[in-house]
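Note that the numbering used here has the sequence shown beginning at 1312, numbered continuously upward.
Think of the CB as a built atom: it goes at the ideal place given N, C-alpha and C, for glycine as much as any other residue.
Okay, so here's the structure we're looking at.
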Amino acid sequence: MMRIWNRITGDPWAITETALHTILEVAARENEAPEAVAAKLGRQLQNSYNATERDGVAIIPVTGPLFRYANIFTAISGASSYELIARDFMSALENPQISAIILDIDSPGGEVNGVSELASMIFEARGTKPVIAYASGDAASGAYWIASAADEIVVSETSALGSIGVVGIYRGKSAKESAETVEIVSSQSPHKRLDPTSDGGRAKLQTRIDSMADVFVSTIARNRSVTPDHVLEHYGGGDVMIGAHAVNAGLADRIGSLERLITELSSLKTQSPRTTTMVEGFFSSTQPKKEKKPMNLEQLKTDHPDLVASLHAEGSAKEKQRLKDILSCEAAEGRQKLSYEIALHTEINAMDAQHLMKSAPKDEPKVSNSTSFERVMSSIPNPEIASDGDDHIATADTVADRIASTR
1312 MMRIWNRITG DPWAITETAL HTILEVAARE NEAPEAVAAK LGRQLQNSYN ATERDGVAII
1372 PVTGPLFRYA NIFTAISGAS SYELIARDFM SALENPQISA IILDIDSPGG EVNGVSELAS
1432 MIFEARGTKP VIAYASGDAA SGAYWIASAA DEIVVSETSA LGSIGVVGIY RGKSAKESAE
1492 TVEIVSSQSP HKRLDPTSDG GRAKLQTRID SMADVFVSTI ARNRSVTPDH VLEHYGGGDV
1552 MIGAHAVNAG LADRIGSLER LITELSSLKT QSPRTTTMVE GFFSSTQPKK EKKPMNLEQL
1612 KTDHPDLVAS LHAEGSAKEK QRLKDILSCE AAEGRQKLSY EIALHTEINA MDAQHLMKSA
1672 PKDEPKVSNS TSFERVMSSI PNPEIASDGD DHIATADTVA DRIASTR
């Protein structure tokens, strides 16, 4: 137990205050056996973690305090470990018989160590299968970090979301410990043993915690498609928001229930009914794999005309926006020929095109070889003649429209 205490008081946490104090209280019982601690907690000495499957929907629990690896807390107090969650998530993702994944969350958060990797794994899986985070209770701090990586966050009316921030627990040496312990630190590493009771040590530890919180905030911003400043201003500032208030603030997408969510997601399943078994936390189906028929474009147009039309419209809109961004960007000024060449004959995105054009020389002005008579004639304005159609002076918008319509 002492080893757990030392770790807890040295690592940063993304967790609510109440949950962290409970963990500290349990970890401080250094002379008690795990069975005794379990008895005081009123729980059996067993791990309750169990991922399940219903109608092709994988349900992965994210409950209790969160730790990187399984330990005494995951064994006796309903805590979860990132390694088990990640294992079952990848198994469900790779199983062709699983059509969607629900992260069933009721957690105050946990260790910072490991949560970023798990959240990134979930975020990078977007587009593979629907991944929905359902907050049945708390989705606070590190648990919200994980939830934000899903395609959608659904909450109950009483769910508490937020608590975005990082906290560190450090302890200074008591007079008794100083008398009993002799610690020699290499002279090349003056900051290896920071004293949290000194101004200098506290400042360095504060910088460390703030740096981790910056990662937390920027990741939430990316996952929820907002800016870091928006997260800081509207997502509670470290506080939690409840149910509909969390939805209105943008922390979640809608109010719902787990049963309704399972019904919605199971309707995505196209396979016939089958039996699914659990083997050491991995999802495995007893249904034989069916041979998949190849789908070509013509067949897709015949079977799903609305989908094809929608995809075509979406692609056309994106291409129009790309053309507009390239032709109207600041770097295109004085480089019209190059901007048209890049827009029409490459698939480079606007940002890369802008960097490319900035490094290229601007178009040289045309040298006039006209005679004095030609110069006089050119100075006389032409009469305005109405066009047959609605042609106007070409802008980036109109040019992009014309080009996109022909592609």
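Between the options, which has its C-alpha nearest residue i's C-alpha?
| i | options | result |
| --- | --- | --- |
| E1422 | A1454, R1398, S1402, A1444 | A1454 |
| S1568 | I1443, S1418, A1403, L1377 | I1443 |
| Y1546 | I1475, Y1380, D1663 | I1475 |
| E1658 | G1479, I1433, Q1632, K1669 | Q1632 |
| S1719 | Y1445, T1518, L1543 | Any question about residue 1719 goes unanswered here, given that the chain covers just 1312 to 1718. |
| A1720 | F1400, F1378, A1397 | The requested residue 1720 is not part of the displayed model; the chain covers only 1312 to 1718. |
| G1448 | D1417, I1396, I1409 | D1417 |
| D1564 | C1640, S1578, A1460, A1643 | A1460 |
| M1401 | D1366, P1376, A1362, P1419 | A1362 |
| E1630 | Q1647, H1656, D1617 | H1656 |
| L1649 | S1627, L1579, E1675, A1628 | E1675 |
| S1522 | S1536, A1451, N1534, V1478 | V1478 |
| A1411 | R1437, G1425, N1424 | R1437 |
| P1730 | Q1610, I1573, L1638 | What the structure shows of the chain is the stretch from 1312 to 1718, and residue 1730 is not part of that stretch, so it cannot be assessed. |
| A1801 | S1452, E1435, L1638 | What is shown of the chain runs 1312 to 1718, which leaves residue 1801 out entirely. |
| I1566 | Y1445, I1396, P1376, S1536 | Y1445 |
| G1367 | S1577, T1374, T1538, G1626 | S1577 |
| F1434 | M1662, N1424, G1549, L1404 | L1404 |
| T1439 | I1409, D1510, G1420 | I1409 |
| N1534 | A1369, W1456, G1425, G1549 | W1456 |
Span of the alpha helix (DSSP H) holding residue i?
| i | result |
| --- | --- |
| L1649 | 1647-1656 |
| L1472 | No alpha helix (DSSP H) contains L1472, which is instead part of the beta strand (DSSP E) from 1471-1473. |
| I1433 | 1426-1435 |
| G1453 | 1453-1459 |
| H1502 | Where H1502 is concerned, there is no enclosing alpha helix (DSSP H), given that its DSSP letter is neither H nor E. |
| K1669 | 1661-1669 |
Need the endpoints of the beta strand (DSSP E) that residue i sits in, please.
| i | result |
| --- | --- |
| T1374 | 1368-1374 |
| E1364 | 1363-1365 |
| S1418 | 1411-1418 |
| V1466 | 1463-1466 |
| V1551 | 1551-1553 |
According to DSSP, simplified to helix, strand and coil, what is residue i?
| i | result |
| --- | --- |
| Y1445 | strand |
| V1537 | coil |
| I1637 | helix |
| G1264 | There is no way to answer for residue 1264, as the model of the chain reaches only from 1312 to 1718. |
| S1391 | strand |
| E1675 | coil |
| G1512 | helix |
| R1519 | helix |
| A1563 | coil |
| S1359 | Below a pLDDT of 50, predicted positions are generally treated as unreliable, and S1359, at 49, falls in that range; the measurement from the model is reported next regardless. Correct three-state label for S1359: coil. |
| G1421 | strand |
| L1618 | helix |
| L1569 | helix |
| A1377 | The question names Ala, yet the displayed sequence has Leu at residue 1377. Reduced to three states, the DSSP call for L1377 is strand. |
Count the other CB atoms within 10 Å of the CB of residue i; is the residue buried (16 or more) or exposed (fewer)?
| i | result |
| --- | --- |
| E1364 | buried |
| Y1393 | buried |
| A1624 | exposed |
| T1588 | For T1588, the pLDDT reaches just 40, beneath the cut-off of 50, and the residue's location in the model is therefore unreliable, leaving the point undetermined. |
| K1635 | buried |
| D1415 | buried |
| K1351 | Annotation note: pLDDT 48 at K1351 (below 50); position unreliable, coordinate value reported separately. Its Cβ having fewer than 16 others within 10 Å, K1351 is exposed. |
| A1471 | buried |
| M1668 | buried |
| P1672 | exposed |
| N1406 | buried |
| D1399 | buried |
| N1660 | exposed |
| F1527 | buried |
| K1612 | exposed |
| R1646 | buried |
| P1616 | exposed |
| M1552 | buried |
| A1654 | buried |
| T1469 | exposed |
| Q1610 | exposed |
| A1450 | buried |
| A1643 | buried |
| R1571 | exposed |
| A1664 | buried |
| G1425 | buried |
Evaluate the contact criterion for the stretch 1426-1437 versus the stretch 1508-1519: three or more CB pairs, one atom per stretch, below 8 Å.
-> no
Would you check if the stretch 1555-1566 and the stretch 1455-1474 touch, i.e. whether three or more CB-CB distances between them fall below 8 Å?
-> With a cut-off of 8 Å, the stretch 1555-1566 and the stretch 1455-1474 count as touching, because enough Cβ pairs lie within range.
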